[in-house]
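*Asks:* Quick one: structure below, then a few questions.
Numbering (the working numbering), first residue to last: 104 to 427.
Listed below in structure tokens is the structure:
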């Protein structure tokens with residue numbers, strides 16, 4: 104969105120003829136800035152088109168530079184000045200070289216966008232999440248405490264209790280003819296979406312949580328509808344997804360094959376547990392698959408914070424785990 108066929112063709116043709124672009128400023132030196140304008144650059148930056156450039160992040164392109172409102176604006180001014188001077192040097196009767204010496208603008212020093220802001224901006228111009236999903240920050244919750252995906256809700260009408268999670272993508276707060284508030288809300292996860300309707304006390308109780316972009320944990324269950332003989336999904340509780348894993352987790356078990364256990368490995372596990380001290384019990388299970396033996400142990404003087412940060416580090420070490 105915002106990038107037409109013309110700019111795309113020009114970028115592809117130049118890259119094919121002259122090789123990959125090394126930076127945003129390299130693009131500004133090489134491309135026609137009549138075609139590749141500010142709107143095009145903004146869409147490319149929002150959609151991740153510049154993620155290939157090393158040591159940069161998307162927020163920098165929209166941060167103020169030392170002279171202009173944004174780095175993209177500064178880059179365009181730089182590109183115009185560079186191409187103008189180069190044209191003058193080439194056409195000069197006395198010019199001995201067409202080399203142009205204009206320093207590149209410095210990259211602004213700013214924090215990267217939070218994941219949700221980054222992905223929402225990305226979806227705004229591409230229509231989809233490309234580089235990740237807003238639920239990526241809640242893997243621990245989704246993988247260990249969710250009954251089914253939103254796409255599977257209707258297939259689980261035999262279950263009186265379901266734990267669900269998703270991002271609010273539609274939030275419509277309305278008032279009935281009687282003056283009572285009610286709402287229609289859509290949650291989305293990795294596999295699909297589901298529409299919920301809230302009325303009466305349920306709406307008043309949970310309406311403040313149903314805002315676009317919020318990650319929610321919903322306890323719900325199927326029950327007989329009082330309107331007809333069919334089934335309806337009843338929302339029992341709604342909470343922010345953040346913190347659910349910390350509250351619901353009681354213990355975590357690390358499953359360690361005996362063949363990987365060395366002094367160095369144990370020291371790394373010990374250091375990791377120290378870095379993530381918390382309220383959850385720590386258990387270990389030594390596994391000898393060749394002899395089909397398992398030895399379970401519990402750490403008496405060590406507890407950990409078994410949340411996403413800890414899990415990510417375990418996976419980097421190749422450690423299997425089970426959350427209880």
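The C-beta atom is built at its ideal place from N, Cα and C for all residues, glycine as well.
Output yes or no for whether 8 Å exceeds the beta carbon distance between residue 348 and residue 248.
*Replies:* Here the question's residue 348 lines up with position 245 in the chain shown. Here the question's residue 248 lines up with position 145 in the chain shown. Yes.
*Asks:* For the pair the segment 378-387 and the segment 349-356, tell me if three or more CB-CB distances fall below 8 Å.
*Replies:* Touching, yes.
*Asks:* From the DSSP secondary-structure annotation, give me the bridge partner or partners of residue 340.
*Replies:* Here residue 340 corresponds to residue number 237 of the chain shown, with the count starting at 1. DSSP output for residue 340 lists 322 as bridge partner(s).
*Asks:* Just how far apart, CA to CA, sit residue 369 and residue 422?
*Replies:* If you number the chain shown from 1, residue 369 lands on position 266. If you number the chain shown from 1, residue 422 lands on position 319. Going by the C-alpha atoms only, they are around 12 Å apart.
*Asks:* Between the alpha carbons of residue 338 and residue 323, how many angstroms are there, rounded?
*Replies:* Indexing the chain shown from 1 puts residue 338 at position 235. Indexing the chain shown from 1 puts residue 323 at position 220. Going by the C-alpha atoms only, they are around 4 Å apart.
*Asks:* Considering just the uninterrupted stretch of the alpha helix (DSSP H) at residue 351, what are its terminal residues?
*Replies:* Here residue 351 is taken as the residue at index 248 of the chain shown, counted from 1. Run containing residue 351: 347-351, per the alpha helix (DSSP H) assignment.
*Asks:* Following the continuous beta strand (DSSP E) through residue 300, name the residue where it begins and the one where it ends.
*Replies:* As a working note, residue 300 is residue 197 in the chain shown. Looking at the DSSP string, the run of the beta strand (DSSP E) that includes residue 300 is 296-301.
*Asks:* Are residue 234 and residue 151 closer than 8 Å when you measure CB to CB?
*Replies:* The residue labelled residue 234 in the question sits at position 131 within the chain shown. The residue labelled residue 151 in the question sits at position 48 within the chain shown. Against a cut-off of 8 Å, the Cβ pair of residue 151 and residue 234 comes out as a contact.
*Asks:* Output needed for residue 243: all residues of its chain with C-beta closer than 7 Å, excluding positions within five of it in sequence on either side, in chain order.
*Replies:* Within the chain shown, numbered from 1, the residue matching residue 243 stands at position 140. The answer, listed in chain order, is 348, 410, 411 and 414.
*Asks:* For the segment 350-423, which segments carrying the beta strand (DSSP E) assignment without a break, of at least 3 residues, lie completely within its bounds, in sequence order?
*Replies:* You should have 354-360, 380-391 and 396-407.
*Asks:* Just verifying my parser: in three-state terms, what is the DSSP assignment at residue 278?
*Replies:* Position 175 of the chain shown, counted from the start, is the residue given in the question as residue 278. Looking at residue 278 - three-state DSSP - the assignment turns out to be strand.
*Asks:* By the DSSP assignment, the alpha helix (DSSP H) with residue 291 in it spans what residues?
*Replies:* Looking up residue 291 in the chain shown gives position 188. No alpha helix (DSSP H) holds residue 291; the beta strand (DSSP E) holding it covers 284-291.
*Asks:* Secondary structure at residue 224, three-state DSSP: helix, strand or coil?
*Replies:* Working through the chain shown from its first residue, we reach residue 224 at position 121. Looking at residue 224 - three-state DSSP - the assignment turns out to be helix.
*Asks:* For residue 247, report the span of its alpha helix (DSSP H) as first-last.
*Replies:* Translated into positions along the chain shown, residue 247 becomes position 144. Taken as a continuous stretch (DSSP letters only), the alpha helix (DSSP H) holding residue 247 covers 242-248.
*Asks:* Using only the alpha-carbon positions, how far apart do residue 154 and residue 175 sit?
*Replies:* Mapped onto the chain shown, residue 154 falls at position 51. Mapped onto the chain shown, residue 175 falls at position 72. Each residue's Cα considered, the two are about 15 Å apart.
*Asks:* Determine, using beta carbons only, whether residue 104 and residue 228 come nearer to each other than 8 Å.
*Replies:* Residue mapping note: residue 104 aligns to position 1 of the chain shown, counting from 1. Residue mapping note: residue 228 aligns to position 125 of the chain shown, counting from 1. Yes; because the gap between Cβ atoms is below 8 Å, this pair is in contact.
*Asks:* According to DSSP, what are the bridge partners of residue 335?
*Replies:* Within the chain shown, the letter at position 232 stands for residue 335. Paired residue(s): 326.
*Asks:* Report buried or exposed for residue 120, applying the criterion of at least 16 other Cβ atoms within 10 angstroms of its Cβ.
*Replies:* Counting from one through the chain shown, the residue named residue 120 turns up at place 17. Exposed, since its Cβ has fewer than 16 Cβ neighbours within 10 Å.
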